[in-house]
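A short write-up of the structure that comes next.
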Ligand SMILES: [Zn+2]
Ligand SMILES: [Zn+2]
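In this note's numbering, the protein residues as written are 1 to 123.
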């Protein structure tokens, strides 16, 4: 049997391709094929403008992101993250590789598509 404890080594993206219109695919060094709808990535931007640094509360509402958001540019940050440039002018989010792995929307990571909770308060 093969030793499967390879995950401890640094996770790195090996390849990147468009799987579909607006769906980014990232091939990881551990063999996992990540699936990332770009609007989902934008909605989960980890920068200080989108997430409160102190409380961790998300300031950016999912519906605030344009439906036709586009990824205009991808820059590597060191050897641990990507910086995405969005068509709405936003570019301050640094997406670490480990964050990206958590955001993966492939069938294995997300067997059941979560229904977006309606955070509507009853007055
Ligand atoms: Zn942001
Ligand atoms: Zn996955």
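Every residue, glycine too, gets a C-beta built ideally from N, C-alpha and C.
Neighbour-count burial assignment, residue i, 16 or more Cβ in a 10 Å radius
| i | result |
| --- | --- |
| residue 68 | exposed |
| residue 109 | exposed |
| residue 107 | exposed |
| residue 59 | exposed |
| residue 26 | buried |
Own chain, CB closer than 6 Å to residue i, minus 5 neighbours either side, in chain order
| i | result |
| --- | --- |
| residue 43 | 62 and 65 |
| residue 91 | 85 |
Cβ-based neighbour list, residue i, same chain, cut-off 7 Å, excluding 5 preceding and 5 following
| i | result |
| --- | --- |
| residue 81 | 94, 95, 96 and 97 |
| residue 11 | 28, 29, 30, 97, 98 and 101 |
| residue 105 | 35, 36, 37 and 40 |
Limits of the unbroken alpha helix (DSSP H) element including residue i
| i | result |
| --- | --- |
| residue 105 | Neither: residue 105 is in no alpha helix (DSSP H) and is coded neither H nor E. |
Bounding residues of the beta strand (DSSP E) (the contiguous stretch that carries residue i)
| i | result |
| --- | --- |
| residue 30 | Segment: none, residue 30 is in no beta strand (DSSP E) and carries neither H nor E. |
| residue 13 | 13 to 20 |
Beta-carbon contacts of residue i that lie in its chain and below 8 Å, excluding the five residues immediately before and after
| i | result |
| --- | --- |
| residue 74 | 16, 82, 83, 84 and 85 |
Would you check if the region 88 to 106 and the region 43 to 55 touch, i.e. whether three or more CB-CB distances between them fall below 8 Å?
yes
Report the start-end ranges of each beta strand (DSSP E) in the region 32 to 105 that is 3 residues or longer and not cut off at the edges.
33 to 37, 71 to 77, 81 to 86 and 94 to 96
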